[in-house]
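Taking it in order: structure first as structure tokens, then the write-up.
Numbering (my numbering), first residue to last: 308 to 744.
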């Protein structure tokens, strides 16, 4: 018998490939962080001798969630400023708070708080957009989670950089050094077309092309953004990005709540990716991304929570459920964006947006063992007829039982294995006392 690292068996396995398949009473064989077999229990028992055999008889195994848009240090601003429109929220509350508190300790501690929350909610990879990218990468790596870390670019000064030239220099230095681990990848992350000049956007594009990274940007987030762009240039933001050469299959366009047929045609033509953050967009009254329409045009849609300062959580199950419900009511079609489709948005399609679909996002032989288990032996989840639908329409993040990244267990029976829960809670309480002063 072949000796391997790990076998995980479960009542159901959802590979999350294109078809909505459900494997009953199967198991995954994992070695050196990768999936090497998916077979019925009995078959694997005869083939492999595992160092560890994990039995989950009432659980669903599926790929870990991919949170395609976050600002993880901002977990320390949870509940700081609620019930404001976006520009008031940014200019009068969030940016002043960042100016006062932003430093490496804030970044590290906020990141730890967010990572603990994400692991407990079944997220195995996130796509971040914030300052001090080196600290975010280092902190993430110390926990074993996977991330695409944004190399943030803006024109305004922060504790991280003085101006666009400084942001770009720091980004280029990091890209030249390369990633410290295959768990960390990078993306150029200009804030938006209204906060970054066209000249700076061109430089972001140049770095992204040279170092083969995606570009992660907020775009068409509010009606005001689109109206101001039209007033100043006579063009919509997406058209301007297209003319600057940024709109292609490496662009991750976040929010996209204010779009028309011209915008949809551009997205389809260029194969750009859209990140849908329905809860944040609703809470800030920014608008609604027409997800069902984009899906019909085969535009790749990923799911992101946005930051906790605006959401106010990193709950991917809740975000996917909201995305499904919103698509149905907006399109007046109960069949729009069914459970399997929105689960794909929260897994494989997030990986595709990050350029990682060959490594993660589905449970397939040869892919990295980034996966989670959902405990279905709960009053709230019984009886169980259709696993995909049960996950989206009935489950909550508290039902996430285990989390693995590259075959390493980060959550075991709801207990964090790479982080001290009491220490994380102390971080949250301490910063709360400091910030509210």
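Even for Gly, the Cβ is constructed at its ideal location relative to N, Cα and C.
What whole-angstrom Cβ distance do residue 753 and residue 615 have, given they're in contact under 8 Å?
Any question about residue 753 goes unanswered here, given that the chain covers just 308 to 744.
Provide the residue(s) that pair with residue 493 in DSSP beta bridges, ordered along the chain.
456
The segment 312-331 contacting the segment 374-387, beta-carbon criterion three pairs below 8 Å:
no
Going along the chain, which residues of its own chain have a beta-carbon closer than 7 Å to the beta-carbon of residue 592, five neighbours each way excluded?
392
Look at the alpha carbon of residue 734 and the alpha carbon of residue 743, and state the distance between them as a whole number of angstroms.
14 Å
First through last residue of the beta strand (DSSP E) which encompasses residue 364
355-370
Could you pull out every residue in the same chain whose Cβ sits closer than 7 Å to the Cβ of residue 672, ignoring the five residues on either side in sequence?
342, 343, 344 and 345
Beta-bridge partners of residue 716, as assigned by DSSP:
711
Can you check DSSP and say which residues form a bridge with residue 558?
522
Can you say whether residue 485 is buried or exposed, counting buried as having 16 or more other CB atoms within 10 angstroms of its CB?
exposed
Extent of the continuous beta strand (DSSP E) to which residue 770 belongs:
The structure shown has nothing for residue 770, since the chain only spans 308 to 744.
Distance between residue 516 and residue 436 (C-alpha atoms, nearest Å)
19 Å
Please look up how many angstroms separate the CB atoms of residue 561 and residue 594, rounded, as I've assumed it's under 8 Å.
Not a contact, Cβ separation roughly 13 Å.
In this structure, does DSSP put residue 475 in helix, strand or coil?
helix
Can you tell which of 468, 459 and 332 has its C-alpha closest to the C-alpha of residue 365?
332
Alpha carbon to alpha carbon, how far is residue 265 from residue 444?
Only positions 308 to 744 of the chain appear in this structure, which leaves residue 265 out of reach.
Secondary structure at residue 500, three-state DSSP: helix, strand or coil?
coil
Given the structure, does residue 360 come close to the ligand MN, in the sense that its CB is under 7 Å from one of the ligand's heavy atoms?
By its list of ligands, the structure shown contains no ligand whatsoever, and the ligand MN lies outside what it can speak to.
Rounding to the nearest angstrom, what Cα-Cα distance links residue 684 and residue 720 in this structure?
13 Å
Tell me which residue opens and which closes the beta strand (DSSP E) that residue 636 is part of.
That residue, residue 636, is in no beta strand (DSSP E); its alpha helix (DSSP H) goes 623-638.
Indicate whether residue 596 and residue 607 have their beta-carbon atoms separated by less than 8 Å.
no
Which term fits residue 493, buried or exposed, when burial requires 16 or more other beta carbons within 10 angstroms of its beta carbon?
buried
For residue 619, which residues in the same chain have their Cβ closer than 7 Å to its Cβ, ignoring the five residues on either side in sequence?
385 and 386
Pick from 513, 504, 501 and 502 that is closest to residue 495, judged by C-alpha positions
513
From 479, 662, 640 and 404, residue whose alpha carbon lies closest to that of residue 579:
662
Determine the direct distance from the alpha carbon of residue 334 to that of residue 350, and round the result to whole angstroms.
9 Å
When burial is assigned at 16 or more other CB atoms within 10 Å of the CB, is residue 679 buried or exposed?
buried
What are the boundary residues of the alpha helix (DSSP H) that residue 683 is part of?
Looking at the DSSP string, residue 683 is not in any alpha helix (DSSP H), and its letter there is neither H nor E.
In this structure, does DSSP put residue 749 in helix, strand or coil?
No answer is possible for residue 749: the residues shown for the chain start at 308 and end at 744.
Looking at the secondary structure, which residues open and close the alpha helix (DSSP H) in which residue 527 lies?
Run containing residue 527: none; DSSP gives neither H nor E here.
Helix, strand or coil at residue 659 according to DSSP, with G and I counted as helix:
helix
State the Cα-Cα distance for the pair residue 472 and residue 355, rounded to the nearest angstrom.
55 Å
Contact between the segment 634-645 and the segment 709-724: three or more CB pairs below 8 Å?
no
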